[in-house]
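Here is the structure we will look at, set down as structure tokens.
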Amino acid sequence: MTLHFPTAPDDWLETLGPGDVAVGLADPEAADHPDHLTLLSADEQARHARYHFERDRQLYRVAHAMLRVMLGRHLGWPASALGFEEGEHGRPRLSTPAELDFNLSHTRGLVAVAIAPRAEVGIDVEEVRASRVTHNLKKTVFAPEELESLAPMARAQEVTAFFTLWTLKEAYLKVRGFGMGVLPLDAFAFDVERACLVRAPDDPTRWTFEIDRPTEEHHLAVAVHPAPKQIQTHWAST
Ligand SMILES: CC(C)(COP(=O)(O)OP(=O)(O)OC[C@H]1O[C@@H](n2cnc3c(N)ncnc32)[C@H](O)[C@@H]1OP(=O)(O)O)[C@@H](O)C(=O)NCCC(=O)NCCS
């Protein structure tokens, strides 16, 4: 296989059990390989071909190859044999049901895949771009109490808090399976200092969140239920 995880125990995906979450990370340039495309289904290959820019095709093929490799190793199925379908709001799921949840996220320079047996999981990664942190965008995406917590911050601290909140909010939307526009972004709120959900339409204490800075340019957040015993994170390479 073309993708492996040099820092991980050989059997980390095979032995993944309830209470474990596996997070695979990849630098799309470093982890790319021509064979990745052969793992993808005809539909995925067609979607891959529709991206106009090579950097978007690369992000897509590395993300979907890593998802297939990780799920295939955990389930003991060939990576290319996995079938996916869209659930409610377009949330991807395996077409042959398995007792696990998975989610993927990609942004410029980083791909992340999370797998959690007998759990629900959502993951989001974002590239830090200070120019995105504008008054208008803050007002569009954050709840009143989130805006209040950002208000007294100096610029550098605000940029960090912005992407922490953004990835937390996305991880929550993604674990719930909400696509764009299903839940208003001010209908739930996080405490950015404690990285926890404080207000939500469901029970906010149901969810455990982990935040990380996998590189200086990237933020990551994972949302899981039930609370995991451990989250194992490893970088992929070819
Ligand atoms: C899918 C969605 C939930 C996240 O998209 P995104 O952050 O742009 O993209 P990410 O890279 O993190 O995730 C994309 C992946 O999530 C998965 N996904 C798709 N629909 C999903 C859903 N309803 N729930 C969970 N995961 C979903 C897919 O695997 C997708 O990968 P693909 O596009 O290569 O097939 C998107 O529909 C969305 O609503 N985004 C914007 C929400 C928003 O306004 N956020 C503002 C800041 S809080």
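Per this note's numbering, the very first residue in the sequence shown carries number 303; after that it's consecutive.
Virtual Cβ for every residue (Gly too), placed ideally from N, Cα, C.
Keep in mind it's a predicted model, so treat the numbers as computed, not measured.
query = Shortest alpha-carbon distance to P506 belongs to which of L522, T517, P528?
reply = Taking the sequence shown and counting its residues from 1, one reaches residue 506 at position 204. For P506, the nearest C-alpha among the options comes from P528.
ask   = According to the neighbour-count rule (16 or more other Cβ atoms, all chains shown, within 10 Å of its Cβ), is H437 buried or exposed?
value = In the sequence shown, counting from the first residue as 1, residue 437 sits at position 135. Exposed: under 16 other Cβ atoms inside 10 Å.
message = Taking the straight line between their C-alpha atoms, what separation do you get for D322 and W314?
response = Counting from one through the sequence shown, the residue named residue 322 turns up at place 20. Counting from one through the sequence shown, the residue named residue 314 turns up at place 12. Taking the straight line joining both Cα atoms gives about 10 Å.
ask   = ligand 1 heavy atoms versus the CB of L487: any closer than 8 Å?
value = By 1-based counting over the sequence shown, the position of residue 487 is 185. Yes - ligand 1 has a heavy atom lying nearer than 8 Å to the Cβ of L487.
key: Reduced DSSP secondary structure (H/G/I, E/B, other) of P308   = Here residue 308 is taken as the residue at index 6 of the sequence shown, counted from 1. DSSP places P308 in coil when its eight states are reduced to three.
request  = Decide yes or no for the touch test of the region 407-423 against the region 325-333: beta carbon pairs closer than 8 Å, at least 3 of them.
outcome  = yes
message = Alpha carbons only, please: which of R496, F492, C498, A502 is nearest the one belonging to L485?
response = Locating residue 485 in the sequence shown gives position 183, where the first residue counts as 1. Nearest of R496, F492, C498, A502 to L485, Cα basis: A502.
query = If E428 and H521 are in contact, beta carbons under 8 Å, what's the gap, nearest whole angstrom?
reply = What you label residue 428 is simply residue 126 of the sequence shown in a count that begins at 1. What you label residue 521 is simply residue 219 of the sequence shown in a count that begins at 1. Yes, E428 and H521 are in contact; Cβ-Cβ is about 5 Å, under 8 Å.
message = Assuming V443 is part of the beta strand (DSSP E), what are its boundary residues?
response = Here residue 443 corresponds to residue number 141 of the sequence shown, with the count starting at 1. From DSSP, V443 is part of no beta strand (DSSP E) but of the alpha helix (DSSP H) over 437-443.
Rounded straight-line distance, which links the Cα of F465 to that of K440 = Counting from one through the sequence shown, the residue named residue 440 turns up at place 138. Counting from one through the sequence shown, the residue named residue 465 turns up at place 163. Approximately 11 Å, taken between the alpha carbons.
message = Just to confirm, is the Cβ distance from V443 to K471 under 9 Å?
response = Stepping through the sequence shown from its first residue, residue 443 is reached at position 141. Stepping through the sequence shown from its first residue, residue 471 is reached at position 169. Contact: yes.
ask   = So does S343 have its beta carbon nearer than 8 Å to some heavy atom of ligand 1?
value = Reading the sequence shown from its first residue, position 41 is the one you call residue 343. Answer for S343: no, Cβ out of range of ligand 1.
ask   = Going by C-alpha distance, which of M372, H391, A421 is nearest L384?
value = Within the sequence shown, residue 384 is the residue found at index 82, counting from 1. Closest by alpha carbon: M372.
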